[in-house]
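Colleague:
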Amino acid sequence: MDIDQLIGSSTSPCRTVSQEDQVLEKKGSCDPDKILQCPYDKNHQIRNSRFPFHILKCRKNHPKLAKELRACPFNARHLIPKQELAQHIEMCENRRSPEESEGKDEDFAWRVPVLPRENPCKTEDWDMGSCDPDKILQCPYDKNHQIRNSRFPFHILKCRKNHPKLAKELRACPFNARHLIPKQELAQHIEMCENRRSPEECEIDHV
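Each residue of the sequence shown is one higher than the one before, counting from 1 in the UniProt record's numbering.
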């Protein structure tokens, strides 16, 4: 049985099939027990809660492949060959228009806001960093650009085209795709990342 089929549903009968599928898809992306495929070794099937930590270790064993992979701006767990990234972005399951993200839809209905760092594995989309679509984020390409959370991935896709040299020097944090860090500072950022939590913490919260 497909592992995604094991995810339960709390949707009401009045919802359409597409609405229900969207809610299940979003919940599945936050499920710490969901199994993900390691992009470096096809023999590695990793639990969602452990995936960022596994990637940090596994990419050290595949430095050549690591140089060819890029993180999707909508989900840091999507590591895609750079020549396929544009196509992936168009089809990414986590891609939603800014207007949809800002709307009062089912997505935000189930993600109840909580105090920062309180039980994030249950209630928080790790790649959003915050459930607040109006949170202001700093563009890493232009310090004059202050971007709303809901629009940030779309802004980055456009802005990095204007700064190709800088784009080559930035790497996405494995815990939050919105954190674009100079590659020489990435290791230090990972140690201090506000979205970093041990897999054990996530599993305790999930109990």
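Built from N, CA and C at the ideal position, the CB exists for glycine as well.
By DSSP, does Asn144 sit in helix, in strand, or in coil?
Modeller: What you label residue 144 is simply residue 144 of the sequence shown in a count that begins at 1. Asn144: coil per DSSP, three-state reduction.
Colleague: Using the beta-carbon count (16 or more within 10 Å), is Ile136 buried or exposed?
Modeller: The residue given as residue 136 occupies position 136 in the sequence shown. Ile136 should be labelled exposed.
Colleague: With distance defined between alpha-carbon atoms, name the residue in Gln146, Ala187, His163 and Glu84 nearest to Cys72.
Modeller: On the sequence shown, position 72 is the one that residue 72 refers to. Checked all of Gln146, Ala187, His163 and Glu84; the closest Cα to Cys72 is Glu84.
Colleague: Just to confirm before moving on: does the CB-CB distance between Leu56 and Leu69 stay below 8 angstroms?
Modeller: Along the sequence shown, one-based indexing puts residue 56 at 56. Along the sequence shown, one-based indexing puts residue 69 at 69. Cβ atoms of Leu56 and Leu69: not closer than 8 angstroms.
Colleague: Going residue by residue through the UniProt domain "CHHC U11-48K-type" (170-197), where are the continuous alpha helix (DSSP H) segments of at least 4 residues, counting only ones entirely within it?
Modeller: Correct list: 186-192.
Colleague: Whole-angstrom Cβ separation of Pro140 and Phe74, contact assumed at under 8 angstroms?
Modeller: Here residue 140 is taken as the residue at index 140 of the sequence shown, counted from 1. Here residue 74 is taken as the residue at index 74 of the sequence shown, counted from 1. With a beta-carbon spacing of about 16 angstroms, Pro140 and Phe74 fall beyond the 8 angstroms limit used to define contacts.
Colleague: Just the C-alpha distance for Gln146 and Lys158, rounded to the nearest angstrom, thanks.
Modeller: For the purposes of this step, residue 146 is identified with residue 146 of the sequence shown, where counting begins at 1. For the purposes of this step, residue 158 is identified with residue 158 of the sequence shown, where counting begins at 1. Their backbone Cα atoms lie some 14 angstroms apart in a straight line.
Colleague: DSSP on Pro52, reduced to helix/strand/coil?
Modeller: Here residue 52 refers to the residue found at position 52 of the sequence shown. Here Pro52 sits in helix by DSSP.
Colleague: In or out: Ile156 buried (at least 16 other Cβ within 10 Å) or exposed?
Modeller: To locate residue 156, count along the sequence shown from 1; it is residue 156. With 16 or more Cβ atoms within 10 Å of its Cβ, Ile156 is classed as buried.
Colleague: Enumerate in chain order the residues of its own chain whose CB-to-CB distance from Asn94 is below 6 angstroms, with the five nearest sequence positions on each side excluded.
Modeller: Residue numbering aside, residue 94 sits at position 94 when the sequence shown is read from its first letter. Contacts found: Phe74 and Asn75.
Colleague: Pull up the distance between the alpha-carbon of Ser150 and that of His179, whole angstroms please.
Modeller: Against the sequence shown, residue 150 aligns to sequence position 150. Against the sequence shown, residue 179 aligns to sequence position 179. Each residue's Cα considered, the two are about 14 angstroms apart.
Colleague: Going by DSSP in three states, His163 sits in which element: helix, strand or coil?
Modeller: Here residue 163 refers to the residue found at position 163 of the sequence shown. Under the three-state reduction of DSSP output, His163 falls in the coil class, being neither helix nor strand.
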